[in-house]
Amino acid sequence: MAEQEASGLQHLLSTIQNSHDKEVILNVLSILTGLLSIGTDRRIHYMISKGGSEALLQALMNAAQTAQPDYNILLPLLRLLAKVGQRDRKFGQKVQKLEAIDVTLSLARKNLTHHLNLIHCLWVLRVYASSVSAGTKLGINGAMELLFKVITPYTKKHSRTVRAAIGVLAALLKSKSNSRRAVNRGYLCELLRLYQDWQRCDASNRFIHIRRGLLLCLKHITNIQSARETFLGAHGMEILFTSVQDCLDNKPLDPIVTTVSQILRKCFPKRPLPLATLHSSYCFSLPGSVVSELPRGGPEDDYEDDGEEEVEKDLHNEEVERKEEDDDLETDVNKLNSKPDLDRPEDELQQYETMCPELSLTFQELETVTEDKKGSEEVPGSVRGTYSQVIPNAAVMKQQHRRHRDQSAMGPEPGETSFKTSVQNWAKKGKCTEAPALGKKAMGESARDIDALGEREELCRSQPPLLHHLLKEASWDTRMFHTHCASCFGPSPLGEVGASDIVTKLLERHQGNIPFHSPHFYMARAASTKSILDYRVLAFPDFWGHHPPPHNQCLLQRKDGVQRAKIFEDVRRLIQPGDVIDKVVFDLDECSPSITDAPDCLRFFSKFESGNLRKAIQVRRFEYDLIMNADVNSVQHHQWFYFEVSAMKPAIPYRFNIINCEKVNSQFNYGMQPVMYSVKEALCGKPRWIRAGYDICYYKNHYRRSAAAAGGVRGKSYYTLTFTITFPHGEDVCYLAYHYPYTYSTLMSHLDILEETRNPKKVYYRQQMLCQTLGGNPCPLLTITAMPETKSSSDLEEFSNRPYVVLMARVHPGESNASWVMKGTMEFLVSSDPIAELLRKCFIFKILPMLNPDGVINGNHRCSLSGDDLNRQWLAPSCQLHPTIYHTKGLLYYLCSIGRAPLVFCDYHGHSQKKNVFLYGCSIKETLWQAGCTINTAVVTEDVGYRTLPKILDKVAPAFVMSSCNFLVEKSRESTARVVVWREIGVLRSYTMENTYCGCSHGLYKGLQIGTRELEEMGAKFCLGLLIMQLKALPCSKKLMAQAAALLDLEEEIEDRWSQRSSSTSSLEIEDEPPFGEDIDYNTDSCSDQEGDFSELDEEIQQISMRAEGEREEEGAGEGQSCSFSVFGGFYISSQQAANSKGLPLPSVPLGVFAGCESSPA
């Protein structure tokens, strides 16, 4: 049957290109028109595969080259060519091969006054022009001159013809050579004049398609530098900006407004960032003989446009993205299966034995260690769990990390003499009364259900009214708080000595009602934290603490048109600069960053731990441009921000524009808000970070990135994150951040409290130092498991033989959400929850809660002080430059060498592009399947156990979504922790956990922004997933199984949770992002103008094909011939010969020719 169908189609195609019988040709055209007008595009593609395009083109050549072309044949033939050609990817080549371009142009020239015929020619020319090579040849052969004869001068007569001609011109101008030709011949200015005429005379908005078509011509022609210069010289910015001011709120005119905004943003004069240098404000001298080689990145570097700017890749093109992803997959089976050799001498691994004391300790030794810890209070700044092992690091001897001030003038290191009070002394003096209470709360904490985690909120309902008096009494001023905080670390610059009265009063007023937080512990740890600038100021939120708000915050509903409105406001700065202030009010590169105390100006500050704000410029009275600092020893990686703002006025909307973002898209376009912390709110009993801001959008701006800052790629631009905030109080001190901050000092004080509050009789908790960082900060390593039940040898053997689970987080400093998840994991593991007790009996946990302390401390987003992304150094880490990675890998190597490779390895991360929480894992078969490779199952064998844990988490963790997980091994990820641990250490269950910054699109939290409560819950639920995986998949003792049966109604809990998730997600969204009324065109040169899908052209063709014989265009009487068709007996028959048609003796199969193509949806 298939052969008959193919034979029937080929017979039709052969007939149409070889027959000279008019009636036969008309019959074939009628049949093909009828067949292709129904069903899906699969029919057209099937015809193309059988030579349909060539047949139609040859028929066109035959019909057009006769002495008197017959338009009864030509018009339906041209319609078919337009319909088929737009779906044939090689149509341009076929057109040139058959030399059909000149023939079609000749037909168009002959019919300049026959508008119906001309329209058909223009449709086909538009399809020709969609091919770059064919479009270029059209330009050479005078197509643009022909088109300008059609569209000029301005007239409303024959508007359908004008519209078709403009569509061809827009397609031609996608070619750079055609655009240059158009600019040289003055066509750009002519297009501007035409647009003005149509705009001015179309008060009724009847000709929107023509106006938008002219704008598309301008959009494509301005892809070259010379056109943009001509556009600016012709006052194009002012013309387009003025033309749409009355259209912004008119929904039917959205296509015009959107296209204008794209042109204006693209033609906005490109300029460098207003910085002296793109290098970070902070510099760190690397140890030893290693020299930091920073890429050139001055503001003048590589900003000159080469005049040949290409239209950037359409980021919405799923096929292109999928192809790139597939090309990145590792398809070398030998490489996937191989296990590389050690990257260091084997005898070096022995040093890591001291990091696993649980493998050799006796019960008596444990008691001795406990007693030794009780006597450690005499060490200044010491805490329980003082580090007992330090792996030597060459970088420790090199502390040349001061840029703004010479180290010799700084005096002793903080923590040596400036701050002598230990954490234990704070507690002894009665100033840390919250620790015991925290212990009681923590020991009773249960993460079995989200409601249990939510019970903490009731503890933070109110604060004593004395805090209000304190605020008033202190005449609250941010600089005063900075000064007093600094005095706690040592002598104040103003000569004050001793602890500030303000800080002391604050400490006395703090009620200790924030679980696992103590300002005393935090100050003790912050005093010994080493930063490049030697921070002496505490950010108030880190000092005071955070308690999650009582209710979840919904994803922000995007306001329709907000992006366009912001772009037009930016353009207004350029063309109407009357209200532009352009005043620098904060500059980190200056000795005194806070430059102004003007009454109408906000004050900014960021010189505190994890702070990141380099420069603030007051643009208008209530609008500020902000520039983030690059990562240390780098010129890029701008995403994380955290800064203080004060001196605001009440009920005033302030607009903030962060103008040097780098990623091409952001969840800020899809409902995410930044976070804000108000000091006045905190002192009034609401110490919390909340989501804040409105009119939020993220889009490409006019600031050009240098090649050095864009990874070697020229012509890239920065992106702007803009948001508006109305502060809750006047004269407040507020903090704004990309996400909930979690500093290194917060972590270290948190670990101190965890150790204080644990039950030492049940919880084995050991805190060691993995190594010191380049900046001289200790990288903590935790060991958590259950204490042996007795001193018997069998219990001690069971204690040391438990399988290992290795967890780590914060290798990327800007991913603070990973720390909140790790916080939930650690708190759950040391709690007295029965599930946690059971979990500790099943595993030994090795936890590295912060692998990049220096990056976190100094406000980096992605790198360490060496300027390297540490999660790309796992293949061959340097002991000097990447000590935390080097020694973590060494510890894993050691565990593997003694036959104790981890059962599970998980690296906690944050994901800025997606919602929900999900895992990345590693699978050979899934990688090869995705790449389309043939798999020899005899050679490639694989345990599918790597899928067990994600499936469990999908059922027990509300924020987790299995459908977002993938287990592919990419070439670009071969140096990450996940892939290296899987390949070199041999850990089957090696994962990266990706946690959203934004919120959830599925399950219980669908439509909600993620908060710290949900992130901590995810950490606890991960532990629960580990326990279920262990109990279900591996042999356990009868005693453990009995305990599990009593404590975990596993099936019931899973079924209950799953039923809740299912009921709230009746239909899963295929796309991660929800639709919005306004297209989010964050890419200036995006081609997403929707003219490429030819849907409008198809509609026009369909309308014309249904017109009756002799019908002319409603706006003018042409003399061209026309042809109409009627349906009779399943065939489209020409009305001229329907009564007495000889017809073509057709076989019975043609109507079924395409039947096989409809078996699956298009």
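Here my numbering = 1-based position in the sequence shown + 491.
Just so it is clear, CB atoms sit at the ideal spot from N, CA and C, and this is done for glycine as well.
Who are residue i's beta bridge partners in DSSP?
i, result
"C1658", "Any question about residue 1658 goes unanswered here, given that the chain covers just 492 to 1653."
"P1271", "M1260"
"T1276", "Y1255"
"Y1654", "Outside the shown range of the chain (492 to 1653) lies residue 1654, about which nothing can therefore be said."
"Y1194", "R762"
"N1103", "Y1133"
"E1461", "L820"
"R1146", "E1114 and T1215"
"I1299", "Note on residue identity: the sequence assigns Met, not Ile, to residue 1299. Its beta-bridge partners are L1339 and D1398."
"C1152", "Y1210"
"C1491", "K1497"
Can you check whether the CB of residue j is closer than 7 Å to the CB of residue i?
i, j, result
"I610", "A655", "yes"
"A1468", "W1365", "yes"
"C758", "F722", "yes"
"S515", "A555", "First, the amino acid is wrong: residue 515 is Val here, not Ser. Cβ distance not < 7 Å, so V515 and A555 don't count as in contact."
"A1030", "L1093", "no"
"I539", "L527", "no"
"Q1500", "Q1044", "yes"
"A620", "V586", "no"
"M1313", "L1342", "no"
"S1307", "Y1231", "yes"
"K1337", "T1274", "yes"
"F1077", "A1107", "yes"
"M1520", "A1448", "no"
Quick check on the DSSP output: the alpha helix (DSSP H) that includes residue i runs from which residue to which?
i, result
"T595", "A591 to K601"
"W1311", "S1307 to V1321"
"I1058", "V1053 to I1066"
"S1481", "S1481 -> not in any alpha helix (DSSP H); beta strand (DSSP E) instead, spanning R1480 to T1487."
"A625", "V623 to I631"
"N828", "V824 to N828"
"V659", "S650 to L663"
"D1445", "T1439 to V1447"
"K574", "Y562 to G576"
"K1074", "Per DSSP, K1074 belongs to no alpha helix (DSSP H); it is in the beta strand (DSSP E), K1074 to D1078."
"I1181", "Unbroken run through I1181 is the beta strand (DSSP E), W1180 to R1182; no alpha helix (DSSP H)."
"R1094", "Counting along the chain, R1094 falls outside any alpha helix (DSSP H), though it belongs to the beta strand (DSSP E) covering R1094 to F1096."
"K1282", "No alpha helix (DSSP H) contains K1282, which DSSP labels as neither H nor E."
"V519", "K513 to L527"
"C612", "H606 to A620"
Among the options, which has the Cα closest to the Cα of residue i?
i, options, result
"R1049", "F1214, V824, M1119 and F1059", "F1214"
"V1123", "L1329, N1103 and Y1013", "N1103"
"T822", "E729, M1139 and E1461", "E1461"
"P1165", "W1180, W1473 and C1175", "W1180"
"Q753", "G677, K1057 and S622", "K1057"
"L1272", "S776, Q1421, T845 and N1043", "T845"
"F1319", "E1417, K1512 and L523", "K1512"
"C1354", "V1431, S1083, N1292 and L1372", "L1372"
"E1507", "L1522, A1450 and M1119", "A1450"
"N675", "I657, I715 and N741", "I715"
"S650", "E1246, S666, D579 and F698", "F698"
"I434", "M728, L1518 and G1401", "Any answer about residue 434 is impossible in this case: the structure gives the chain only from 492 up to 1653."
"I1149", "V1110, G1162 and E1172", "V1110"
"G1305", "N1486, L820 and L1046", "N1486"
"G1436", "L679, K1523, A1367 and P1279", "K1523"
"K1282", "A558, Q690 and L852", "L852"
"Y1026", "D1061, R1105, S1097 and T995", "S1097"
Going by DSSP, what residue range makes up the beta strand (DSSP E) through residue i?
i, result
"D1345", "From DSSP, D1345 is part of no beta strand (DSSP E) but of the alpha helix (DSSP H) over P1344 to I1348."
At what residue ranges does the stretch 1383 to 1420 contain a whole run of the beta strand (DSSP E), taking only runs of 3 or more?
1395 to 1402 and 1408 to 1411
Which residue spans inside the stretch 1012 to 1054 form an unbroken alpha helix (DSSP H) run of at least 4?
1031 to 1035
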